[in-house]
Structures are given as structure tokens and as C-alpha cells.
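Numbering (the numbering used here), first residue to last: 324 to 502. Below: one structure, written as C-alpha cells.
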Amino acid sequence: DLELVSNGKLEARRKAVVPFRVQEQIASVLVKEGQRVKEGQLLGELDAFTYRKRLEEAEHRYQQALIDVEDRLLGYGYRMRDSLIIPEEYMKMARLRSGFNAAQIALEEAQRNLNMTAMKAPISGVVTNLEARVHNPSSAFKQFCELLDVGVMHLVFNLLETELAGVQVGQKVLLTPFA
Numbered sequence: 324d325l326e327l328v329s330n331g332k333l334e335a336r337r338k339a340v341v342p343f344r345v346q347e348q349i350a351s352v353l354v355k356e357g358q359r360v361k362e363g364q365l366l367g368e369l370d371a372f373t374y375r376k377r378l379e380e381a382e383h384r385y386q387q388a389l390i391d392v393e394d395r396l397l398g399y400g401y402r403m404r405d406s407l408i409i410p411e412e413y414m415k416m417a418r419l420r421s422g423f424n425a426a427q428i429a430l431e432e433a434q435r436n437l438n439m440t441a442m443k444a445p446i447s448g449v450v451t452n453l454e455a456r457v458h459n460p461s462s463a464f465k466q467f468c469e470l471l472d473v474g475v476m477h478l479v480f481n482l483l484e485t486e487l488a489g490v491q492v493g494q495k496v497l498l499t500p501f502a
């Protein structure tokens, strides 16, 4: 038998940082430090007013671009409902000249940004390093929080090169905490 004594630390195998993907005033923090959460659970929200307005503007520009595409296609002798028989180069030109492609991209971005005002748990775990505080701008914090999945842990410790031959993957280890 070989006995190796080493100090180390126990870490969660899965860890997730919950960042602020958009910047705005923090409207709510729905979790507490040490609370267990499920994947997809709402952790907090930013004030979404600005992002809702941007989405409405993007939807308006998209609808306008859709009408412009139809007008351009009519100029070529086609209707939008005839999209299967419209030559590809005409459709491409109509979409570009009408600003349809740019409007579609702006709409997708606005929808994504609005969705990012709600911070949801990417994994199930325990809330740690909760930084967010209500009524503060999200830019004042590095992150919303971190989540640790403590269901599966792994042990991190140092070994000397001469001790490597005595260990292997999957080997049992006796763990004794200091406390």
C-alpha cells in the first residue's frame, strides 16, 4: 500500500457564470446566495422598457421593408405570393434594395436583446457570488452571479512527479476535511 498526503480543494464539476448580456437598470433579483435553482429558472430581470421599444421599432422597419419588397417585385412583374417562381436574382435584388435583409437582422437582434433582459439559470445548481443589486445599473457589476452544480464534485490536489506512478484515474481517495 502507498499513502500520499496532499492538501487540495473540492470543486463542483460544473460551474456557470451568469453574465449581464445587455446593460440596463436591475429591476429584480429573485434569488439569494446559497439558494438551489433549476436549469431555466428566472434569476432576475433588467428593466426591459428600452429593449421593448427597440423591438417595436425593428418590427415596424421589418413590416415597411416587407411592403418595399412587394413593391419592387411588382416592378419586375411578380407578386410576393409567387415567390417560388420568382428568379433568384430578382428576389435577391428586391430584398437588398428594399432594406429587407437589414430589417430582418435588426429584428432578430432586437428580439434577442429583449430576451437577454431576463437572466435564467443555464444549469441547475447553487447560487454563489451573487453581485447584482436591485435599482443599480448592471454595468456596475462584473456578473449577475455564478451557479455551482454540487451534485458531482471533483478533488483538485497537487502531486509530485515521483508520486504519479502510484495513482490512476478512477482510483478511490480518502478525503478528510479540515473542519
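The beta-carbon is built from N, C-alpha and C at its ideal position, and this holds for glycine as well.
With burial defined as no fewer than 16 other Cβ atoms inside 10 Å of the residue's Cβ, what is the status of residue i: buried or exposed?
i, result
"valine 457", "exposed"
"tyrosine 399", "exposed"
"asparagine 330", "exposed"
"phenylalanine 467", "buried"
"phenylalanine 501", "exposed"
"alanine 463", "exposed"
"leucine 419", "exposed"
"arginine 359", "exposed"
"leucine 333", "exposed"
"leucine 378", "buried"
"valine 479", "exposed"
"valine 475", "exposed"
"valine 450", "buried"
Kindly list the residues whose CB is nearer than 6 Å to the CB of residue i, restricted to its own chain and excluding five residues on each side of it in sequence; keep chain order.
i, result
"arginine 344", "Met439"
"valine 352", "Gly367, Ala455, Val457"
"serine 421", "Ala388, Asp391, Val392, Arg395"
"leucine 453", "Glu356, Cys468"
Per DSSP, what kind of secondary structure is residue i in: helix, strand or coil?
i, result
"methionine 439", "coil"
"arginine 395", "helix"
"glycine 367", "strand"
"threonine 499", "coil"
"alanine 455", "coil"
"arginine 418", "helix"
"arginine 359", "strand"
"glycine 489", "helix"
Express the C-alpha separation of residue j and residue i in angstroms, rounding to a whole number.
i, j, result
"leucine 471", "glutamine 427", "37 Å"
"alanine 335", "alanine 429", "39 Å"
"glycine 493", "glutamate 326", "16 Å"
"threonine 373", "proline 342", "19 Å"
"leucine 487", "asparagine 481", "10 Å"
"leucine 369", "methionine 442", "8 Å"
"glycine 489", "glycine 448", "34 Å"
"alanine 444", "threonine 499", "32 Å"
List the residues that DSSP assigns as beta-bridge partners of residue i.
i, result
"valine 341", "Cys468"
"lysine 332", "Val479"
"glutamine 348", "Pro460"
"glycine 448", "Val360"
Looking only at its own chain, which residues have a Cβ that is under 8 Å from the Cβ of residue i, when we skip the five neighbours before and after it?
i, result
"asparagine 459", "Gln348, Ile349"
Among residues of its own chain, excluding the 5 on either side of residue i, which ones have a beta-carbon nearer than 7 Å to its beta-carbon?
i, result
"alanine 371", "Leu437, Thr440"
"asparagine 424", "Arg418"
"glutamate 382", "Leu430"
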